[in-house]
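Shown next, in structure tokens, is the structure this report addresses.
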Amino acid sequence: MDESLRIAASTGNVSELYSLVQGDGNILRRFDEVEFIGTPLHIAAEEGCIGFAMEIMNLKPSMARKLNQQGLSPMHLAVKKGHTEIGLRLLEIDKDLVRIRGRKGKTPLHYICKVGDHDGLLDTFLEACPDSIGDVTTRNRTSLHIAVRNRRLDVLRALIRTLRKKDYYREVVNRKDEDGNTALHIAASDNQPQMLKLLLECKADKHVINHDGLTAFDLANRHNNKESISVLGDCFSPGLSNFKHKLKRHYRLPTYQTTLSPPGGVSEGQSSSTSTSTSADVGKIGISVMQQATVLLFYIPTYIAFLVAFFLTLALLKPFPRGFRTSLQILLAFLGYASSNRYAS
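Be aware that the sequence shown starts at 1, since it is given in the UniProt record's numbering, and climbs by one per residue.
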């Protein structure tokens, strides 16, 4: 770059810029010929020279998308240096500048999530280009991953507010990085209870495992992060899991057994070796020998217990994959239908 142009950009001297253009009409065109190069706009954005930056954008808008030798765009530099006004002015001209992928695939939005929100710039970015929240780095990290890793609670709150409005919020909040960790894993590992609460409110799946086969609860437990363990709840506690299993088994077995073999048994009709069965006898075969009032008093509580076990089983199927869970739910529906017919008879 011409030294005079460099000085003009770093000092914000617009008059000198036009003096140089008058002396060489192609002075800005040469930047198009190099793939990665620091431009006058990079310098102005880094130094906070708003007037010069806007003049360059007017003369050569393509410079806004150029990456320098460090893999950074002018917007990256403006965010990194905390020059909010330049960031906002650049955004007015081209809202997609938020999504320019620079070094390691990081966008200006990712940079905000790392360095922190300057004067509400994050909300403006998300309002201008809300889909940028789903962009990932070369390490497959979302803005959520980066905010949690850098302990930026204010940034995470803003991200969650935007994410909740999107149909694909579950996909983003449960996105895994290159290690298989979701943002929830990272928050649990770093003992960030407030972040855990925000992520869980946005339907973060605490049953997801990383490449080491660990859930967020496992990581919290491994690091003895008691606050995180408390937030994640006791759903991973072996004692509670065993209790649920025993409870489900307790209700399922008695209701199933009493359906097939009620107290007192069922009518079997008369033996063909001793007498000939009448049509009335045949009609009573398989019917409980108890009186009707007694049958109702026995079966109504038993059927309620069956329904409790049935819906408890459905609730416990939530951690399973959707396809497998749906198949089991269909089978349980048939079981419930068959059982209801049995009780009705």
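A virtual CB, placed ideally from N, CA and C, is assigned to each residue, including glycine.
Can you grab the Cα-Cα spacing for the pair residue i / residue j, in whole Å?
| i | j | result |
| --- | --- | --- |
| residue 182 | residue 168 | 15 Å |
| residue 192 | residue 166 | 25 Å |
| residue 329 | residue 208 | 21 Å |
| residue 197 | residue 231 | 7 Å |
| residue 32 | residue 69 | 14 Å |
| residue 106 | residue 64 | 16 Å |
| residue 131 | residue 142 | 12 Å |
| residue 229 | residue 151 | 18 Å |
| residue 154 | residue 307 | 45 Å |
| residue 146 | residue 331 | 42 Å |
| residue 111 | residue 315 | 40 Å |
| residue 76 | residue 233 | 39 Å |
| residue 2 | residue 53 | 17 Å |
| residue 139 | residue 221 | 26 Å |
| residue 100 | residue 135 | 10 Å |
| residue 62 | residue 127 | 23 Å |
| residue 92 | residue 60 | 16 Å |
| residue 313 | residue 334 | 14 Å |
| residue 176 | residue 212 | 13 Å |
| residue 225 | residue 188 | 7 Å |
| residue 8 | residue 14 | 7 Å |
| residue 94 | residue 22 | 28 Å |
| residue 12 | residue 227 | 51 Å |
| residue 202 | residue 129 | 20 Å |
| residue 26 | residue 34 | 14 Å |
| residue 206 | residue 194 | 15 Å |
| residue 125 | residue 214 | 34 Å |
| residue 304 | residue 223 | 43 Å |
| residue 244 | residue 301 | Here the model assigns residue 244 a pLDDT of 45, short of 50, so the residue's position is not dependable, and the following value carries that caveat. So the two alpha carbons sit approximately 20 Å from each other. |
| residue 116 | residue 310 | 49 Å |
| residue 102 | residue 326 | 42 Å |
Tell me the residue span of the alpha helix (DSSP H) that contains residue i.
| i | result |
| --- | --- |
| residue 113 | 108 to 115 |
| residue 92 | 84 to 93 |
| residue 61 | It is not in any alpha helix (DSSP H) - residue 61 carries neither H nor E in the DSSP assignment. |
| residue 22 | 14 to 23 |
| residue 79 | 74 to 81 |
| residue 4 | 3 to 11 |
| residue 98 | Note, residue 98: premise wrong, no alpha helix (DSSP H); not H, not E. |
| residue 186 | 183 to 189 |
| residue 197 | 193 to 201 |
| residue 128 | 121 to 128 |
My assumption, with CB atoms under 8 Å, is that residue i sits in contact with residue j. Please give the rounded CB distance.
| i | j | result |
| --- | --- | --- |
| residue 72 | residue 57 | Not a contact, Cβ separation roughly 17 Å. |
| residue 414 | residue 90 | With the chain covering 1 to 345 only, the question about residue 414 has no answer from this structure. |
| residue 38 | residue 86 | Residue 38 to residue 86, Cβ: 16 Å. No contact. |
| residue 185 | residue 163 | Not really, about 17 Å apart at Cβ, beyond 8 Å. |
| residue 159 | residue 133 | 6 Å |
| residue 20 | residue 10 | Between residue 10 and residue 20 the Cβ distance is about 14 Å, and since that is not below 8 Å, they are no contact. |
Who are residue i's beta bridge partners in DSSP?
| i | result |
| --- | --- |
| residue 36 | 67 |
Taking a contact to mean a Cβ-Cβ separation below 8 Å, would you say residue i touches residue j in this structure?
| i | j | result |
| --- | --- | --- |
| residue 46 | residue 81 | yes |
| residue 148 | residue 108 | no |
| residue 204 | residue 174 | yes |
| residue 210 | residue 190 | no |
| residue 50 | residue 6 | no |
| residue 36 | residue 17 | no |
| residue 123 | residue 84 | no |
| residue 199 | residue 172 | no |
| residue 137 | residue 114 | no |
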